[in-house]
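The listed protein sequences derive, respectively, from chains A and B. Start counting the first sequence at 0; every next residue gets the next number (numbering that gives the first Met the number 0). Start counting the second sequence at 0; every next residue gets the next number (numbering that gives the first Met the number 0).
Number of protein chains: 2
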Amino acid sequence: MIDPSSDRAVFRQLADLLRGRITSGDLAPGASLPSELRLAQEYGLSRTSVRQAIALLRSEGLVIVQPPRGTFVRTTEPTETVTLLKGDTASARMPTPAERRELEIGEGVPVLVVFRADGSRELYPADRIRVGR
Amino acid sequence: MIDPSSDRAVFRQLADLLRGRITSGDLAPGASLPSELRLAQEYGLSRTSVRQAIALLRSEGLVIVQPPRGTFVRTTEPTETVTLLKGDTASARMPTPAERRELEIGEGVPVLVVFRADGSRELYPADRIRVGR
DNA sequence: AGAGATTTGTACGTATGTATG
DNA sequence: TCATACATACGTACAAATCTC
Numbered sequence: 000m001i002d003p004s005s006d007r008a009v010f011r012q013l014a015d016l017l018r019g020r021i022t023s024g025d026l027a028p029g030a031s032l033p034s035e036l037r038l039a040q041e042y043g044l045s046r047t048s049v050r051q052a053i054a055l056l057r058s059e060g061l062v063i064v065q066p067p068r069g070t071f072v073r074t075t076e077p078t079e080t081v082t083l084l085k086g087d088t089a090s091a092r093m094p095t096p097a098e099r100r101e102l103e104i105g106e107g108v109p110v111l112v113v114f115r116a117d118g119s120r121e122l123y124p125a126d127r128i129r130v131g132r
Numbered sequence: 000m001i002d003p004s005s006d007r008a009v010f011r012q013l014a015d016l017l018r019g020r021i022t023s024g025d026l027a028p029g030a031s032l033p034s035e036l037r038l039a040q041e042y043g044l045s046r047t048s049v050r051q052a053i054a055l056l057r058s059e060g061l062v063i064v065q066p067p068r069g070t071f072v073r074t075t076e077p078t079e080t081v082t083l084l085k086g087d088t089a090s091a092r093m094p095t096p097a098e099r100r101e102l103e104i105g106e107g108v109p110v111l112v113v114f115r116a117d118g119s120r121e122l123y124p125a126d127r128i129r130v131g132r
């Protein structure tokens, strides 16, 4: 399943494999991934490489880590809609650490930035909020 | 500047320090960061810790890495606006690796997902596109 | 063209700390 | 109390791409 002689880095191969299990539903939202040690043994990798793979999935917003409980497939949050009025615009970017703390934004989750016509600005966690009209 | 005995991890302290230099303008968009080896020597850290710090800044979309040229402060792209029509909504999330390749999305940059009233879906790089009405 | 230096990427190992169950 | 599991931090080594001389 994982080929150390491949051009593709082994930690990327492991990430591909886990990502596939998540998107296919084999690992459903809320399900726990095997521990780092378990994955390392199962695929004959170092724990370092396993951690690199999981870090990749974290940055993609696919999993959350609750040390030292384990690593879990992220559950999709119920979504509210924020209404854009005439002249408003909205964009998205990754939050600063301060914004992540303040809005309780998980890893790998962007912030939606709403620019109101009056010049004011609002921030929302992109996994719980969408914009509409 | 960096306190190994602090509660805050040294790689987070280094990330804080570099983030500060970026947001203050000391390191302007397009400027190159010191090499990993340079930072490690300058602050008395291992290259591992320096790489962790830079990985953090990458995930925040603050810097881009062009191996082996170096690490650079991300430049802000010109922004176009996509218009939301009645019944449309939009949200944001991190792109899949396939989407990143296809839309040429840099690291630490979300995708804007526009859901049209007719059920169709459009994807845009969040650093170049915003939505409006 | 070629050689060497530089820089990031990958992969391994070890050790210790901290929080959970 | 003890085992488990993730976080931090150090070290080494080699590969690959770019740049310079």
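Ideal Cβ placement from N, Cα and C applies to all residues, glycine included. Quick caveat, the model's predicted, so the values are computed rather than measured.
- Look at the beta carbons and you see the region 56 to 67 of chain B touching the region 6 to 18 of chain B: at least three pairs across the two are nearer than 8 Å.
- For the region 52 to 67 of chain B, the set of positions with a beta-carbon nearer than 7 Å to some beta-carbon of chain A reads Ser58, Glu59, Gly60 in chain order.
- Counting every other CB atom within 10 Å of its CB across the protein chains shown gives threonine 70 of chain A a total of 16 or more, marking it as buried.
- In the displayed model, threonine 80 of chain B falls within a strand according to three-state DSSP.
- The region 38 to 87 of chain A contains, as complete alpha helix (DSSP H) runs of 4+ residues, the segments 46 to 58 (chain order).
- At a cut-off of 8 Å between beta carbons, leucine 83 of chain A contacts chain B.
- For lysine 85 of chain B, the closest alpha carbon among the candidates B:Ser4, B:Arg115, B:Leu61, B:Arg20 is that of B:Arg115.
- Note that the region 102 to 109 of chain B touches the region 125 to 132 of chain B; at least 3 beta-carbon pairs, one per stretch, sit closer than 8 Å.
- Bridge partners of proline 124 of chain B according to DSSP: B:Val110.
- In the three-state reduction of the DSSP assignment, glycine 29 of chain B falls in the coil class, being assigned neither a helical nor a strand state.
- Among the residues of the region 74 to 102 of chain A, those with a Cβ less than 9 Å away from any Cβ of chain B are Thr78, Thr80, Leu83, Leu84, Lys85, Gly86, Asp87, Thr88, Ala89, Ser90, Ala91, Arg92, Met93, Pro94, Thr95, Pro96, in the order of the chain.
- Around the beta carbon of glycine 43 of chain B, fewer than 16 other beta carbons sit within 10 angstroms, so the residue counts as exposed.
- In its chain, beyond the 5 residues on either side, Gly107, Val108 have a beta carbon closer than 6 Å to the beta carbon of glycine 60 of chain A.
- The Cβ of arginine 129 of chain B sits closer than 8 Å to at least one Cβ of chain A.
- The C-beta of leucine 111 of chain A comes closer than 8 Å to at least one C-beta of chain B.
- With a threshold of 16 other beta carbon atoms within 10 Å, aspartate 87 of chain A meets it and is buried.
- Residues of chain A with a Cβ closer than 7 Å to the Cβ of glycine 118 of chain B do not exist, since the nearest Cβ in that chain sits about 15 Å away.
- Here the C-alpha atom of leucine 38 of chain B lies approximately 17 Å from the C-alpha atom of isoleucine 63 of chain B.
- The beta carbons of threonine 78 of chain A and arginine 129 of chain A sit about 5 Å from each other, so the pair counts as a contact at 8 Å.
- Neighbours of alanine 125 of chain A in chain B, taken as residues at a C-beta separation under 8 Å, are given in chain order as Ser90, Ala91, Arg92, Pro109.
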